[in-house]
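All residue numbers for the sequence shown refer to the working numbering, where the first residue is 16 and numbers rise by one. Glycine included, every Cβ here is placed at the ideal spot set by N, Cα and C. This structure is a prediction, so every number in the text was calculated from the model and none was measured.
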Amino acid sequence: MLYNVITDGEDVIYVPTTLGNILLVLVFLAFLGTAVFFAGKKAAPAGKRGKLTAKQLAFCAISIALGTVLSKIKLFEFPFGGSVTLLSMLMICLPGYWFGPKAGLMTGIAHGILQLVIDPFIIHPVQLLMDYPLAFGTLGLSGLFSNAKNGLQKGLLTGIVGRWIFSSLSGWIFFKEYAWDGWHPFPYSFTYNGIYIFTETAITFIIISIPYVKNAFARIKQLALESH
Numbered sequence: 016m017l018y019n020v021i022t023d024g025e026d027v028i029y030v031p032t033t034l035g036n037i038l039l040v041l042v043f044l045a046f047l048g049t050a051v052f053f054a055g056k057k058a059a060p061a062g063k064r065g066k067l068t069a070k071q072l073a074f075c076a077i078s079i080a081l082g083t084v085l086s087k088i089k090l091f092e093f094p095f096g097g098s099v100t101l102l103s104m105l106m107i108c109l110p111g112y113w114f115g116p117k118a119g120l121m122t123g124i125a126h127g128i129l130q131l132v133i134d135p136f137i138i139h140p141v142q143l144l145m146d147y148p149l150a151f152g153t154l155g156l157s158g159l160f161s162n163a164k165n166g167l168q169k170g171l172l173t174g175i176v177g178r179w180i181f182s183s184l185s186g187w188i189f190f191k192e193y194a195w196d197g198w199h200p201f202p203y204s205f206t207y208n209g210i211y212i213f214t215e216t217a218i219t220f221i222i223i224s225i226p227y228v229k230n231a232f233a234r235i236k237q238l239a240l241e242s243h
């Protein structure tokens with residue numbers, strides 16, 4: 016069996032079993048490997064075929080590791096889920112900024128799968144998809160602006176808006192009972208999720224707008240794309 020069913024009051028929660036977690040880890044590795052493949056194509060010199068390299072693997076894996084660690088550093092936590100963390104979304108947006116949208120999306124989905132292993136909260140298969148692989152996967156949309164001026168800022172905002180949309184749709188569909196008194200679940204969910212997501216976004220923008228930090232991220236991108 017891949018999951019256990021736990022009843023908590025009126026809620027039915029699905030918790031992955033050991034076998035289920037093993038399968039999730041294998042899926043995580045598959046998406047990470049795909050991300051590295053696309054990263055290798057982006058980093059390859061013109062006219063040469065991209066290949067898997069330890070360097071691209073390290074950059075993608077480190078971004079996931081940092082995002083996971085920083086997601087545990089919560090500056091503020093909301094009572095019904097969601098928190099303002101220390102730059103965790105930025106870390107997951109970086110592979111897209113470095114290597115383009117394909118690598119970014121695959122890395123984001125891999126991160127979402129890892130979050131599902133570490134801290135699962137599942138009440139429905141569609142909610143699982145929306146809150147984990149889709150919500151985190153869209154952070155990889157940062158890659159749409161990988162070659163643009165101020166691409167980190169533009170990509171970060173695009174990826175975060177994607178996450179906000181999926182998290183809010185999930186809240187509207189599956190957690191409507193938590194809506195504030197007098198609020199329809201749809202605007203409530205978009206407002207609730209927007210508060211913590213865009214608070215973290217504002218903090219992140221302030222930090223990455225500091226000239227020294229901005230230059231450091233540009234240098235890291237250069238290192239990520241160097242073929243040697």
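Would you call residue i buried or exposed, if buried means 16 or more other Cβ atoms sit within 10 Å of its Cβ?
| i | result |
| --- | --- |
| G197 | exposed |
| L105 | buried |
| P226 | exposed |
| N162 | exposed |
| I221 | exposed |
| Q71 | buried |
Going by DSSP, what residue range makes up the alpha helix (DSSP H) through residue i?
| i | result |
| --- | --- |
| L109 | S103 to F114 |
| S182 | G166 to F189 |
| S204 | P200 to I223 |
| A194 | Counting along the chain, A194 falls outside any alpha helix (DSSP H), and DSSP gives it neither H nor E. |
| A239 | P226 to L240 |
Helix, strand or coil for residue i per DSSP?
| i | result |
| --- | --- |
| K117 | helix |
| L90 | strand |
| T22 | strand |
| P148 | helix |
| T153 | helix |
| L47 | helix |
| I138 | coil |
For residue i versus residue j, is the C-beta spacing smaller than 8 Å?
| i | j | result |
| --- | --- | --- |
| S185 | D146 | yes |
| A150 | F190 | no |
| G115 | G158 | yes |
| M230 | G97 | The displayed chain sequence assigns Asn, not Met, to residue 230. The answer is no: Cβ separation not under 8 Å. |
| G177 | L154 | yes |
Return the Cβ separation of residue i and residue j in integer angstroms, given the expectation that the two are a contact with Cβ distance under 8 Å.
| i | j | result |
| --- | --- | --- |
| V132 | L39 | 5 Å |
| S204 | W187 | 4 Å |
| F136 | I28 | 7 Å |
| F53 | A125 | Not a contact, Cβ separation roughly 12 Å. |
| T83 | L129 | 6 Å |
| L167 | F232 | 6 Å |
Please find out if some non-hydrogen atom of the ligand ADP comes closer than 7 Å to the beta-carbon of residue i.
| i | result |
| --- | --- |
| F46 | The ligand content of the structure shown is nil, which means the ligand ADP is not present either. |
From what residue to what residue does the beta strand (DSSP E) around residue i run?
| i | result |
| --- | --- |
| T244 | Examination of residue 244 is not possible in this model, given that the chain is present from 16 through 243 alone. |
| T68 | Neither: T68 is in no beta strand (DSSP E) and is coded neither H nor E. |
| S98 | S98 to T100 |
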